[in-house]
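Input: a single structure, listed below in structure tokens.
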Amino acid sequence: MAKTSAHQKNRSYTNVVYATPVSEHPSLDEVYEVTPFSEAFWTYLNYVILNIFGWFRDLLRNARIENRKGSAENNPPGFVPLYQSYESFYTRNVYQRIADCFNRPIGSVPGATLDLLERVTDDYNWSFRFTGGKVKTINLASYNYLGFANNSGPIVESVINSIKTSGLTAASTTQEFGTLTQHRKLESLLAEYLGTEDAIAFGMGFATNALNIPTLVGKGCLILSDELNHASLVLGARLSGAVIKVYKHNDMNHLERLLRESIVSGQPRTHRMWKKILIIVEGVYSMEGSLCKLPELIELKKKYRAYLYLDEAHSIGAMGLRGRGVVDYWKCDVNDVDILMGTFTKSFAAAGGYIAGKKDLIDHIRVTSHSTAYATSMSPPVVEQIVSVLNLLLDNDEEHEGRRRINQLAWNTRYFRQRLTKMGFIVYGHPHSPVVPALLYSPSKIAAFNREMLKRGVAVVTVGFPATPLVLGRVRFCLSASHTKEMLDEVLKHAEEVGDLLNMRKSKLNPKRPFHETES
Amino acid sequence: MGSSMTRGDIESLATDFYDLLESFKHAPFYHISFEIFLVLAVIWLVFFRKPRAIEKKLTEREKQELIDEWQPEPLVPPVDPNHPALNVRVLDGIVGKTVEIDGKKSLNFATFNFLNFVGNSRISEKAIQAVQKYGVGSCGPRGFYGTIDIHLELEERLAKFFNCEEGIIYSYGFSTIASIIPAYSKRNDILFVDEGVHYAIQKGVEASRSHVKWFKHNDIQDLERLLAEQEVLDKKNPKKARTIRRFLIIEGLYVNYGDICPLPRMVELKYKYKYRIFIDESVSFGTIGQTGRGVTEYYDIDRQKIDLISSSLEYSIGSIGGFAVGSSFVVDHQRLSAQGYCFSASLPPLLAAAAIEALNIMEEQSTPLFETIMSKSKRLHKKLLSIKGYSVMGDEISPLKHLRLANALNTIGRLEEIVQFAQTRDITITVARYLTDEHLLPEPSIRLILNVEMTDEELEFLCTVLQEALVKVTS
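Residue numbers (the UniProt record's numbering), protein chains in the order written: chain L, 1 to 520; chain U, 1 to 475.
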């Protein structure tokens, strides 16, 4: 990418509509810097101190010196306690201290800026009180990759229209009387967009995985699942009754070893041959920001005759030249992936999930899915939102709005990641993924980063254990096509300040250095 | 026959034997010990050696051959193209009291639209306002900026409606009870579940990996038998019994049968055998009870005695999603451990706004509305009973009834014919659809659902059409 074109983009993105800032060659370099020893030491010490305080406080509570602030059981004694005391040790003593960083209620559309409802706590996060005020912040927390979360505009008009003409629900299951013409239209547009033969849509992304994986594999089958797969994939795999083997995250050698060993030794104990082998991967992993290695996966799957299930919850719409997901990004053939799954919550700013693939696969799912038989079909206004977004992404309009947003997101990703790494933060993940995790390690820094950024008017998501490994707490920025360069600059300025305050800019691979505007 | 053994032979034999014994005395010690060792070794080999397993180490070539030979089954089995799920009716417009099929309006007795809130203009207006304020999607899970003030309002309103401490909402009706059960019940715990519960509860029970004890549908004696058996086991091992949680999972009004659970006796047994009660009131919420508060109001039972009431927002309320209400102690646990709540995006705000407005209407219209629906259900029940040839399942005040052909004529084929005939006469009804792997597959039936705004003439018309259909099918 030449310096001059980067400079042009800085000025006004509406001029550059057709140029693609995403490099022609998908990149294979993901960097995971090793945890510095000092950080690990201080993080463990942090946990030890929290535990000591926790035991001490529990002692005081048991001796009734301190009041029990949580709620109590209202059944008479004699009942076995509903949850074990050690399970909630972590909740009471670690999570509760930083509970104000989570479950923050918002009062506006989750677009590029967010209105948080101001809340204060009088008793150290056990209960909250709303002051009635609203805090305006820049939103780097919502999954709004293409910026379609709006409360005005042509899409919203068509959604309002569909509420008037089709109501909010059909109140029936898909197999009975819940199928409307809009659902069929959505499915055919989706199949066209993804390039598959057919597609089917469901009302909830989590349920799409949990209720459909059991229809594809069952007892006598093998599932090879990535270490960092989402809870819905794990639940679906468990409910199916198949044998599950986990391979190290993105480690293709380990996967190949597992495949070979499994085929050779067969099912456990009986040593019969496996009926099917299913490899489950995600397109973009939301906690690591990493991409799956799709070309190698397809090669492996063909070599060993396994089936591939690709969950594109975060990558559909956000990755690829035309926004068609990781299959588009890696320039693979979509027919090589047996089952394409995705959600509409992230890039489409709606709700729901889909599965796409060959026609006989979709027919089978229509007949045997738990969701089509027992769950209410999708709500028509939500379907209308998805259909409108799909029309834009298929490039059917004259203004090429879809293409503009895809390019804008890709440019934002490159810019933000480069600047963040140059500041000296330890950033994980793939250079082109719009999910940007920067490591903070200890739970205290997680809380501090969150609160300091909020004071400066930026809303971010910080996560710790149990969503991440114990010592690898992190802040996760979610970029959006609706962020302008000015917004990103402001966020980076505040991140720099807070990073210095918390002493987080200590990467050895990318030691911090000042940034000049003309650098590309 | 003469003995070939002469006396001399015997003598020589005896001397040989004597010489042998003498030679033993003179043999060196190692010789004797070696002989004894050999004898012992033979005895061991014959009687005591276990056959050693031959180690099966495959060579690389053999492994490669196995890998090359292995052929998987096709990803999906072939599907019958005539299956009803592949030939559904595709509808257009609002699926309310009437539905437009093939250009004609027909009366809708097939969708779960008990209070006729689908297409209600007040509710639509509120939903439109919510879209203009919040957009469509919430773009995040509840923990990460997906909690919108309208969700908090809906939770408060639901808790107040049921007079409980706290409420929690989910974004999908199926996932509500399927996520709640595994959040409380773990591997060691025991679940007493009615056999007739619907599929979502069965999946929740499966996901929890607990011990399940199924009791016959609505059979209190069977439940007491199981509880007594468990008590005997508890007495044998009281230490273990103190770590096992027990839950009773029932529905207020069963979707698959239309009858009401015998709640009062179950609450009595709760305090005797120390289990917790979770009721799924998806159908009974908004349909029975004087003010629509479900089965606890119908039986006049104190709601504090029920540990958790869960329901769906997709039936009476006419929105999407589900909820649970109970004491703070019980409900708060779900906020961190229910999978369908923590790991899923929150409910779109327009659907939450619609639910709030529906609750407003339910509270405004209160007793008259619910007395109407209960009395209409009773009248429909009487009318249906008067048609000879059908057997009607379900309680008389339940707005959801199952219709079967009497005697041994009840097959899905005949029921489908009845449904098709009814459609030609502009009545929309449906055969209840199930998956084949239900715990207890109900018999084929037509699921009739009463809409509160159906007039008496329309109910009369329904019965007439059903009668004609019966004649046509059994002739």
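By construction, the Cβ of each residue, glycine as well, lies at the ideal position given by its N, Cα and C atoms.
Which partner residues does K401 of chain U have in the DSSP bridge list? According to DSSP, which records beta bridges pairwise, K401 of chain U is partnered with U:L448.
For the alpha helix (DSSP H) containing V136 of chain U, list its first residue and its last residue. It is not in any alpha helix (DSSP H) - V136 of chain U carries neither H nor E in the DSSP assignment.
Return the chain-ordered list of same chain residues with a C-beta closer than 6 angstroms to the C-beta of I317 of chain U, the five sequence neighbours on each side being excluded. If we look at I317 of chain U and ignore the five residues flanking it on each side, its Cβ neighbours are A355 and A358.
Within its chain, find whatever has a CB closer than 6 angstroms to the CB of S179 of chain U; leave out the 5 residues flanking it on each side and keep chain order. Within the same chain, S179 of chain U has close Cβ partners A338, Q339 and G340.
Cut-off 6 angstroms between Cβ atoms - residues of its own chain near L235 of chain L, not counting five sequence neighbours on either side: Only residues of its own chain outside the window of five on either side were considered, and among them A210 have a CB closer than 6 angstroms to the CB of L235 of chain L, listed in chain order.
Can you tell me whether S388 of chain L is buried or exposed, with buried defined as 16 or more other CB within 10 angstroms of its CB? Buried, because 16 or more other Cβ atoms sit within 10 Å of the Cβ of S388 of chain L.
If contact is defined by three or more beta carbon pairs under 8 angstroms, each pair taking one atom from either stretch, is the segment 458–473 of chain L in contact with the segment 373–389 of chain L? No: the two stretches stay apart, fewer than three of their Cβ pairs being nearer than 8 angstroms.
Pick helix, strand or coil for P84 of chain U, following the three-state DSSP scheme. In this structure, DSSP gives P84 of chain U a helical state, which the three-state scheme calls helix.
So what does DSSP say about M252 of chain L, is it helix, strand or coil? In the structure shown, M252 of chain L sits in a helix (DSSP, three-state: H, G or I).
Below 7 angstroms between beta carbons is the criterion; list the residues of the segment 128–153 of chain U that meet it against any residue of chain L, in chain order. Going along the segment 128–153 of chain U in chain order, one finds I128, V131, Q132, K133, Y134, G135, V136, G137, S138, C139, G140, R142, G143, F144, Y145, T147, I148, D149 and L152 with a Cβ nearer than 7 angstroms to chain L.
Assign A27 of chain U to buried or exposed, taking buried as 16 or more other Cβ atoms, counted over all protein chains shown, within 10 Å of its Cβ. Around the beta carbon of A27 of chain U, a 10 Å sphere encloses fewer than 16 other beta carbons of the protein chains shown; the residue is thus reported as exposed.
With respect to the beta strand (DSSP E) encompassing H217 of chain U, which residues constitute its N-terminal and C-terminal limits? Run containing H217 of chain U: none; DSSP gives neither H nor E here.
Looking only at its chain, what residues have a beta carbon closer than 7 angstroms to the beta carbon of L45 of chain L, apart from the 5 residues adjacent to it on each side? Counting only Cβ-Cβ distances below 7 angstroms, and skipping sequence neighbours, we find nothing.
With distance defined between alpha-carbon atoms, name the residue in U:I361, U:R142 and U:Y275 nearest to V193 of chain U. Closest by alpha carbon: U:Y275.
Counting only beta-carbon separations shorter than 9 angstroms, does I263 of chain L have a partner in chain U? Interface residue, yes.
Express the C-alpha separation of T484 of chain L and G111 of chain L in angstroms, rounding to a whole number. Cα-Cα distance, rounded: 12 angstroms.
What residues of chain U sit near R404 of chain L, judged by a beta carbon separation below 8 angstroms? Within chain U, not a single residue places a beta-carbon under 8 angstroms from that of R404 of chain L; the smallest gap is close to 19 angstroms.
Enumerate in chain order the residues of its own chain whose CB-to-CB distance from R209 of chain U is below 6 angstroms, with the five nearest sequence positions on each side excluded. If we look at R209 of chain U and ignore the five residues flanking it on each side, its Cβ neighbours are R187.
Helix, strand or coil for C463 of chain U, going by three-state DSSP, please let me know. Helix.
Output, in chain order, the set of chain L residues within a Cβ distance shorter than 9 angstroms of A200 of chain U. Result: H370, Y374 and A375.
Straight-line Cα distance separating N451 of chain U from V465 of chain U: Distance from the CA atom of V465 of chain U to the CA atom of N451 of chain U, rounded to whole angstroms, is 17 angstroms.
Taking just the CA atoms, how far does D58 of chain L sit from R225 of chain U? If you take the alpha carbons of R225 of chain U and D58 of chain L, they lie about 41 angstroms apart.
For D198 of chain L, the first and last residue of its enclosing alpha helix (DSSP H): Where D198 of chain L is concerned, there is no enclosing alpha helix (DSSP H), although the beta strand (DSSP E) it sits in stretches over D198 to F202.
Using a beta-carbon distance below 9 angstroms, is Q267 of chain L in contact with chain U? No, Q267 of chain L lies away from the interface with chain U (no Cβ there is under 9 angstroms from its Cβ).
Counting C-beta neighbours from all protein chains within 10 Å, is the total for R476 of chain L 16 or more, i.e. buried, or is it exposed? Buried, since its Cβ has 16 or more Cβ neighbours within 10 Å.
So, is the C-beta of Q304 of chain U closer than 9 angstroms to a C-beta in chain A? Protein chains in the displayed structure are L and U, and chain A is not among them.
Check whether the segment 375–385 of chain L touches the segment 162–171 of chain L, taking contact to mean three or more Cβ pairs, one atom from each stretch, closer than 8 angstroms. Result yes; three or more Cβ-Cβ pairs closer than 8 angstroms.
Give every residue of the same chain whose Cβ lies closer than 6 angstroms to the Cβ of V243 of chain L, excluding the five residues on either side of it in the sequence, and list them in chain order. Only L222 meet the Cβ criterion.
Which partner residues does N108 of chain U have in the DSSP bridge list? Residue pairing by DSSP puts N108 of chain U in a beta bridge opposite U:T428.
If I follow the unbroken alpha helix (DSSP H) through D500 of chain L, where does it start and stop? Per DSSP, D500 of chain L is one residue of the alpha helix (DSSP H) stretching across K485 to L502.
Taking one C-beta from the segment 111–126 of chain U and one from the segment 353–373 of chain L each time, how about it: are there three or more such pairs within less than 8 angstroms? The segment 111–126 of chain U, when compared against the segment 353–373 of chain L, does not touch it at the 8 angstroms Cβ threshold.
Shorter than 9 angstroms from the beta carbon of N218 of chain U to some beta carbon of chain L? So, not an interface residue.
Listing by chain order, which chain U residues have their CB less than 7 angstroms from the CB of Y247 of chain L? Within chain U, no residue comes near Y247 of chain L; the closest Cβ sits about 17 angstroms away, beyond 7 angstroms.
Beta strand (DSSP E) containing I441 of chain L: first to last residue? The sequence given here has Tyr at residue 441 of chain L, not Ile. Here the beta strand (DSSP E) through Y441 of chain L covers V435 to Y441.
Alpha carbon of H151 of chain U to alpha carbon of E416 of chain U, nearest angstrom: If you draw a straight line from the Cα of H151 of chain U to the Cα of E416 of chain U, it is about 41 angstroms long.
Option nearest Y434 of chain U by Cα separation, candidates L:V367, L:L180 and L:S142: Checked all of L:V367, L:L180 and L:S142; the closest Cα to Y434 of chain U is L:V367.
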